[in-house]
Amino acid sequence: MINEIIEISREAGEVIREGFGKKLTLEYKTNISDFVTNIDKASEQKIIDFIKKKYPKHNILAEESGAENFNSDYTWVIDPLDGTVNFAHGLPIFSVSIAILRKKEIIAGAIYDVMNNIMFSSEKGSGSFQNGKRIYVSENSDLDKSLLVTGFPYNIKQNPDNAIEKFSRFVLNSRGVRRLGSAAIDLCYVANGTFDGFWEVNLHPWDMAAGMLLVKEAGGKITDFTNNKNSIFSKQLLATNGKVHDRMIQILNNN
Ligand code: IPD
Ligand code: CA
Ligand code: CA
Numbered sequence: 000m001i002n003e004i005i006e007i008s009r010e011a012g013e014v015i016r017e018g019f020g021k022k023l024t025l026e027y028k029t030n031i032s033d034f035v036t037n038i039d040k041a042s043e044q045k046i047i048d049f050i051k052k053k054y055p056k057h058n059i060l061a062e063e064s065g066a067e068n069f070n071s072d073y074t075w076v077i078d079p080l081d082g083t084v085n086f087a088h089g090l091p092i093f094s095v096s097i098a099i100l101r102k103k104e105i106i107a108g109a110i111y112d113v114m115n116n117i118m119f120s121s122e123k124g125s126g127s128f129q130n131g132k133r134i135y136v137s138e139n140s141d142l143d144k145s146l147l148v149t150g151f152p153y154n155i156k157q158n159p160d161n162a163i164e165k166f167s168r169f170v171l172n173s174r175g176v177r178r179l180g181s182a183a184i185d186l187c188y189v190a191n192g193t194f195d196g197f198w199e200v201n202l203h204p205w206d207m208a209a210g211m212l213l214v215k216e217a218g219g220k221i222t223d224f225t226n227n228k229n230s231i232f233s234k235q236l237l238a239t240n241g242k243v244h245d246r247m248i249q250i251l252n253n254n
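All residue numbers for the sequence shown refer to numbering that gives the first Met the number 0, where the first residue is 0 and numbers rise by one.
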């Protein structure tokens, strides 16, 4: 199945690349920063058409068109364009993220970094890959020497979970904190060892599912902010190389 996820992620990525820099139609969701474009929708349609043709009985959980449940053991979790604000502003950092769950377990996922033409993929028990080459999380155990990444949710003006205070504590306790604007790509870069850790609140299943598998299969650790196991439905995500995890938990809890 992983080959099919890779194939359709790439095809959806071509739709996005074709639309990059062209005039877009925007529809607002919760506020002025939260919108969907005609290209998000075209990418999602391409992916859903593929699933309907090949696996018409599989469940779908897709960001723009919602959930379709056929009581199948398999669910496709789809973010057709992760990094919509970047895309709409001409910043070439965005991705397609697709995962498959069997019952509640993530068994395969791919994230396609569209403008860099990099395919990240993973299958449960088989490791994580970047353009076919095995990747691993970093070895660094010293938070002061780490490079971190985060993102801010669309309701950041309400400062959910004291997101701004957490951000400033990490800035003071690391080499730097980046904010790329695509949670899926943030997780790929934890999986390949570029970043030592990533945290964010209020993500959705489609932002995280494929990336969570990539990080785990690359040797990393995923929990919520109290060091408990989390799921794609959790509202807090901490993904690290494992070695800076406990220190990041301390900082998240202001210790
Ligand atoms: C967003 C991106 C961003 C994150 C937001 C997400 P979208 O997804 O992943 O990095 O900070 O919380 O909603 O809306 O571009 O698919
Ligand atoms: Ca997203
Ligand atoms: Ca999206």
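All C-beta atoms, glycine included, are put in the ideal place defined by N, C-alpha and C. A quick note: this is a predicted structure, and the numbers were derived from the prediction, not measured.
**Straight-line gap, Ile-106 to Glu-122 (C-alpha atoms, nearest Å)** = 6 Å
**Message:** Please report the straight-line C-alpha distance between Asn-58 and Ser-71, rounded to a whole angstrom.
**Reply:** 6 Å
**Prompt:** With DSSP run on the structure shown, which of helix, strand or coil describes Phe-275?
**Reply:** For residue 275 there is no data in the structure shown, the boundaries of the chain being 0 and 254.
**CB contact flag (Phe-197, Thr-149, <8 Å)** = yes
**Request:** From the DSSP output, in three-state form, read off Ser-233 for me.
**Result:** coil
**Asked** In terms of DSSP beta bridges, what is Glu-104 paired with?
**Response** Arg-101
**Request:** Note the first and the last residue of the continuous alpha helix (DSSP H) segment covering Ile-15.
**Result:** 1-18
**Item:** Ile-163 burial status per 10 Å Cβ neighbour count (16 or more: buried)
**Value:** exposed
**Prompt:** Per DSSP, Lys-220 is paired with what?
**Reply:** Thr-239
**Prompt:** Considering only residues of the same chain and omitting the five flanking positions on each side of Asn-260, which have a CB-CB separation below 8 Å?
**Reply:** Because the chain spans 0 through 254 in this model, residue 260 falls outside it and cannot be assessed.
**Asked** For chain D, is any of its Cβ atoms less than 8 Å away from the one on Leu-60?
**Response** Any reference to chain D falls outside this structure, which holds one protein chain only.
**Prompt:** Within 7 Å: the Cβ of Asp-206 and any heavy atom of ligand 1?
**Reply:** yes
**Request:** Could you pull out every unbroken beta strand (DSSP E) segment of at least 3 residues lying fully inside the region 43-92, listed in chain order?
**Result:** 58-61, 65-67, 73-81
**Request:** May I ask you to report which of helix, strand or coil DSSP gives Arg-177?
**Result:** strand
**Prompt:** Looking only at its own chain, which residues have a Cβ that is under 6 Å from the Cβ of Thr-225, when we skip the five neighbours before and after it?
**Reply:** none
**Asked** Going straight from the alpha carbon of Trp-205 to that of Lys-144, what length do you get?
**Response** 31 Å
**Prompt:** In chain order, what residues of the same chain have a beta carbon less than 8 Å from the beta carbon of Ile-184, not counting five sequence neighbours either side?
**Reply:** Asp-81, Gly-82, Ile-92, Phe-93, Ser-94, Ile-110, Asp-112
**Item:** Any 3 or more C-beta pairs closer than 8 Å across the region 227-236 and the region 120-140
**Value:** no
**Asked** Can Asp-223 be considered in contact with ligand 1, in the sense that its beta carbon sits closer than 7 Å to one or more heavy atoms?
**Response** no
**Message:** Below 8 Å on the Cβ atoms is my contact criterion, and I expect Leu-237 with Ile-250 to pass it. Report the Cβ-Cβ distance as a whole number of Å.
**Reply:** 10 Å between Cβ atoms; not a contact.
**Prompt:** Nearest CA to the CA of Arg-178: which residue from Phe-166, Asn-172, Leu-171?
**Reply:** Phe-166
**Prompt:** Apart from the five residues on each side of it in sequence, which residues of its chain come closer than 7 Å, Cβ to Cβ, to Asp-195?
**Reply:** Ser-137, Asn-139, Ser-145, Leu-146, Leu-147, Thr-239, Asn-240, Val-243
**Prompt:** Span of the alpha helix (DSSP H) holding Lys-132?
**Reply:** It is not in any alpha helix (DSSP H) - Lys-132 instead sits in the beta strand (DSSP E) that spans 132-134.
**Item:** Run of the alpha helix (DSSP H) containing Ser-167, from where it starts to where it stops
**Value:** 162-171
**Prompt:** What's the call for Thr-74, buried or exposed, on a 16-neighbour Cβ count within 10 Å?
**Reply:** buried
**Request:** Please report the residue range of the alpha helix (DSSP H) in which Val-113 lies.
**Result:** First-last for Val-113: undefined, no H or E at that position.
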